[in-house]
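Numbering (this note's numbering), first residue to last: 6 to 428. From the three backbone atoms N, C-alpha and C, an ideal C-beta is built for every residue, glycine too. What follows is a set of notes on a single structure, which appears directly below.
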């Protein structure tokens, strides 16, 4: 039976950079969601088990369990997606395959496979994107990511904190099609459909957006307060991006100087719904929702609901979903609680006897609807004591974990992500 090759992940360890530059987030999303990361292969072989051996011309920087996509190879049945099952050397990879007795006689193109999205719209200034899953189902959202810093109503100084304005929409006809009161968005204020995308004011009085995906702030960790007017440090941030066409999660530092594992999560997509979703879509969004000016001094452990998705406290860990109101479907968003044993995933170790202690994460909204469970990400009942991305294998089940900020003592925990089975 072929191994599962749907859930992919990327890391700064692959040589990708998330720095203190405008455009860095959308370039990263372009690579991870849409294009993949090319590799140069100089030699190939198939062993007695049918696995594929690749030799790259330079260090490949790939990680165990990542997905490699081959195209243009001959014979043609070699083309496809494979899990990395072994890394014998910095320029060698072993791919889990079933090609016993075959030989490769034409080397084609090789890359780390993307998560499977496409760019639906982009602007001429190259600071905005709308992404959507390839071959989407009706409930797959349009994911709008906006890094613009000026508009007719305001201007945001380029040296300030770096964040994208991010939201989900059910339909779009062009890159700036967000002001239709009849189109559902997440987050959403029906009295002001464009609220998430507006820049108002200048200088330290400017307010830029509403749903904010920060990747560079003038602060050391998630616990350190800072104003958005402070200049972030220069350098690549540690990160992991993981998911598929239904949902993805970005675990990242906001300060390039920190390697202590105190990262936090941004996320969006579809969850497994226990309710019908033909009227109200099963979207979720993990984001920092605020209309603060840049002169407000705050940290990510503040009282902002959802400021640390999946971590720290009941308030900070919340996610945003669409209000399940089929009569008035165009309505304000609503918050969801995570039904977890505690907010110490990967730290408290309450199920430490297990090799892997992965619990599904149910969602319940503030109207007391049980909404469903999150895809890919699990509460981690085992204390793993990790700071950076780490792969795990339990029988044939593949997982990765990464360090995040957990509690007020500055301890590092970790959610765990399920990649599928390797056969």
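Bridge partners of residue 74 according to DSSP: 86 and 116.
Judged by DSSP in its simplified three-state form, residue 323 adopts coil rather than helix or strand.
Taking all protein chains shown into account, residue 280 has fewer than 16 neighbouring C-beta atoms within 10 Å of its C-beta and is therefore exposed. Restricted to the region 326 to 407, not a single alpha helix (DSSP H) segment is unbroken, complete and at least 4 residues in length. In the structure shown, residue 81 adopts helical secondary structure according to DSSP, grouped into three states. The C-beta separation of residue 288 from residue 154 comes to about 27 Å, leaving the pair out of contact by the 8 Å criterion.
Below 8 Å, enough C-beta pairs join the region 343 to 361 and the region 309 to 323 to call them touching: three or more.
Separation of the CB atoms of residue 405 and residue 396 is rounded to 5 Å, and the pair is thereby assigned contact status at 8 Å.
Per DSSP, reduced to three states, the secondary structure at residue 236 is coil, with no helix or strand assignment. Residue 368 counts as buried, since at least 16 other C-beta atoms from the protein chains shown sit within 10 angstroms of its C-beta. Residue 268 counts as buried, since no fewer than 16 other beta carbons sit within 10 angstroms of its beta carbon. Segment contact: the region 102 to 110 against the region 12 to 31, fewer than three CB-CB distances shorter than 8 Å; contact not assigned.
Counting along the chain, the unbroken alpha helix (DSSP H) around residue 29 starts and ends at 29 to 34. The continuous stretches of beta strand (DSSP E) do not include residue 54, and DSSP gives it neither H nor E.
According to the DSSP secondary-structure assignment, residue 145 is paired through a beta bridge with no residue. Distance check between residue 41 and each of 323, 372 and 123 places 123 closest, using alpha-carbon atoms only. Scanning 22, 70, 50 and 56 for the CA closest to the CA of residue 401 turns up 70. Judged by pairs of C-beta atoms under 8 Å, the region 381 to 394 does not touch the region 230 to 237, as fewer than three such pairs exist. No Cβ-Cβ contact shorter than 9 Å links residue 290 with residue 211. A residue is called buried once 16 or more other Cβ atoms fall within 10 Å of its Cβ, and residue 332, having fewer, is exposed.
For residue 137, the uninterrupted beta strand (DSSP E) run begins and ends at 133 to 138, by DSSP.
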